[in-house]
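Residue numbers for the sequence shown, in our numbering: 262 to 328.
Think of the CB as a built atom: it goes at the ideal place given N, C-alpha and C, for glycine as much as any other residue.
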Amino acid sequence: MDEKRKKLIEIEELLKVYDGEMEISPYVLEYLTLEELESIEFNILKQQSNVIEENSKWLQQFKTDNS
């Protein structure tokens with residue numbers, strides 16, 4: 262399996278974490294470079310990290326200080 266196809270599969274797996282089932286057509290491999298796919302993957306990971314951080318901050322509002 263070539264690197265671009267592996268990266269596309271990794272991206273699909275990341276998207277499933279928050280968006281449910283999603284499949285990206287292998288057709289995109291003809292148009293995107295490995296670097297572009299890596300950039301997409303990086304941005305997905307960054308966005309997921311931001312969501313986790315925002316959720317954590319939101320939950321802190323409801324935490325009571327029991328000391």
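By a C-beta neighbour count over all protein chains shown, 10 Å radius and 16 as the cutoff for buried, is residue 269 buried or exposed?
Taking the sequence shown and counting its residues from 1, one reaches residue 269 at position 8. Within a 10 Å sphere around the beta-carbon of residue 269 sit 16 or more other beta-carbons, which makes this residue buried.
Pick out whichever of 298, 310 and 313 has its Cα sitting closest to the Cα of residue 264.
Within the sequence shown, numbered from 1, the residue matching residue 264 stands at position 3. Across the set 298, 310 and 313, the C-alpha of 298 shows the shortest separation from the C-alpha of residue 264.
Looking at the unbroken alpha helix (DSSP H) that takes in residue 303, where does it start and where does it end?
Taking the sequence shown and counting its residues from 1, one reaches residue 303 at position 42. First-last of the alpha helix (DSSP H) with residue 303: 295 to 321.
Tell me the rounded alpha-carbon separation between residue 272 and residue 310.
Counting from 1 along the sequence shown, the entry for residue 272 is found at position 11. Counting from 1 along the sequence shown, the entry for residue 310 is found at position 49. Between the C-alpha atoms of residue 272 and residue 310 there is a straight-line separation of about 15 Å.
Measure the C-alpha to C-alpha separation of residue 304 and residue 285 and round it to an integer number of angstroms.
Stepping through the sequence shown from its first residue, residue 304 is reached at position 43. Stepping through the sequence shown from its first residue, residue 285 is reached at position 24. Spanning the two alpha carbons is a distance of roughly 16 Å.
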